[in-house]
Amino acid sequence: MANSRFEYVKSFEQPDVLLPNTWIVVRIDGRGFHKLSDHYSFAKPNDRAALDLMNAAAVEVMKDLPDLCIAYGVSDEYSFVFHPSCQLFERRNGKLVTTIVSTFTAHYIYKWNQYFPGKPLQPPYLPSFDGRAVIYPNSQILRDYMSWRQVDCHINNLYNTTFWTMVLQGGMSNTDAEQELKGTVSADKNEILFSRFGINYNNELEIYKKGSVLYRQQYELEEPKSTKSADEEPSVAQTQQSRSQQDKIRKLRRKAQVVVDHVDIIKDEFWEKRPWILSGKP
Ligand code: DGT
Ligand code: MG
Ligand code: MG
Ligand code: MG
Ligand code: MG
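Just so you know, the sequence shown maps onto residues 0 to 281 in numbering that gives the first Met the number 0.
Shown next, in the form of structure tokens:
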């Protein structure tokens, strides 16, 4: 780039690199989806097509960015998780968030007709998403973050399921249902659903109760034959090789199938069965 007398403006740009060696979570959330879901008549409390479309867009984001190790989605939000070793965009906050938000939005809009045939998108009701990045210092706190989102999913879904059953099946007004649910605990809502409507909340679809977890199927890497012992300083050639090894891992991650699951991610079992998610290694 040629130097010009205008070049100095570059010095106004602020660095926004995220702390090294930390988990990065980019959470995106639909803007004004209350209005949007009304306009396109999403089913209440859960619209299966709307959730499937969120998941389909998120799968494309995972495929596009092999550095992502897991994602979790509920309602109009999705959390995308980068491993602490991630060096994508030199870990620049703005680059990471805007890339995720725009890639997700592009796929969401591209696939809309497939999931909502006969309901073409109409301005001003066009889907858009905001996003933010938060860093977490260790995998325990990262897991607590994921648990927080899944607990939120459960609490909201139990409330919404009970509320909309009281309104749509019980013929109650929104205000009356809201009033009656004020101060109730989970057991009360389960009881209302069961005794008045014969609904066992446990039998509701897992996608509604647990949200959606996206991760890569385990991928394998053939170990390179090593001639040197581990405590020797790596040569430049070896560093190069390990870089090509890293590229190989990225390629494998890109090829690995992305799974959409609706399971408990709060208990240890999910993570213990799939150690490659947190280790970031094949
Ligand atoms: P925001 O995020 O501050 O721009 O505002 P909203 O309106 O997106 O609010 P938010 O994100 O707190 O809540 C999500 C809204 O999206 C909520 O009003 C319900 C709606 N929504 C999400 N998924 C579904 C669905 O499956 N069915 C229906 N009927 N509505 C849904
Ligand atoms: Mg929001
Ligand atoms: Mg929203
Ligand atoms: Mg939301
Ligand atoms: Mg450019």
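Every residue, glycine too, gets a C-beta built ideally from N, C-alpha and C. No experiment lies behind these values; they were computed from the predicted model shown.
Which residues does DSSP pair with residue i in a beta bridge?
{"i": "GLY130", "result": "ILE27"}
{"i": "ARG91", "result": "VAL16"}
{"i": "TYR71", "result": "SER78, VAL212"}
{"i": "GLN121", "result": "TYR124"}
{"i": "TYR135", "result": "TRP22"}
Inspect the beta-carbon positions of residue i and residue j and report whether they are closer than 7 Å.
{"i": "PRO126", "j": "GLU219", "result": "no"}
{"i": "PHE81", "j": "ASP66", "result": "yes"}
{"i": "GLN149", "j": "ILE265", "result": "yes"}
{"i": "TYR207", "j": "ILE276", "result": "no"}
{"i": "PHE216", "j": "GLN256", "result": "Just to set this straight, residue 216 is Gln in the shown sequence, not Phe. Yes, the pair counts as a contact, with Cβ atoms nearer than the cut-off."}
{"i": "LEU18", "j": "ILE99", "result": "no"}
{"i": "CYS68", "j": "GLY279", "result": "yes"}
{"i": "PRO83", "j": "ASN159", "result": "no"}
{"i": "PHE103", "j": "LYS94", "result": "no"}
{"i": "GLU205", "j": "HIS261", "result": "yes"}
{"i": "TRP22", "j": "LEU141", "result": "yes"}
Contact defined as beta carbons within less than 8 Å: I believe residue i pairs with residue j. What is the distance between those atoms, to the nearest angstrom?
{"i": "ASP15", "j": "ASN92", "result": "4 Å"}
{"i": "VAL24", "j": "CYS152", "result": "Wrong, their Cβ atoms sit about 16 Å apart, outside the cutoff."}
{"i": "LYS209", "j": "ASP263", "result": "6 Å"}
{"i": "LYS55", "j": "LYS110", "result": "The residue you asked about is not Lys; residue 55 is Ala in the sequence shown. The Cβ separation is near 5 Å, so the contact holds."}
{"i": "SER78", "j": "ARG26", "result": "5 Å"}
{"i": "VAL212", "j": "TYR71", "result": "6 Å"}
Can you look up residue i in the DSSP assignment and give me helix, strand or coil?
{"i": "LEU204", "result": "coil"}
{"i": "ASP260", "result": "strand"}
{"i": "LEU64", "result": "coil"}
{"i": "ASN189", "result": "helix"}
{"i": "SER225", "result": "Because the pLDDT at SER225 is just 47, under 50, the model does not fix this residue reliably, and the value given afterwards should be weighed accordingly. In the structure shown, SER225 sits in coil (DSSP, three-state: anything other than H, G, I, E or B)."}
{"i": "GLN217", "result": "coil"}
{"i": "ASP116", "result": "The displayed chain sequence assigns Pro, not Asp, to residue 116. In this structure, PRO116 counts as coil in the three-state DSSP scheme."}
{"i": "PHE269", "result": "helix"}
- prompt: So does the segment 115–134 actually touch the segment 170–184, counting three or more Cβ pairs closer than 8 Å?
  reply: The answer is no - the segment 170–184 does not touch the segment 115–134, with fewer than three Cβ pairs under 8 Å.
query: Are the segment 47–55 and the segment 155–165 in contact at 8 Å, needing three or more beta carbon pairs?
result: Contact between the segment 47–55 and the segment 155–165 is absent, because fewer than three Cβ pairs lie under 8 Å.
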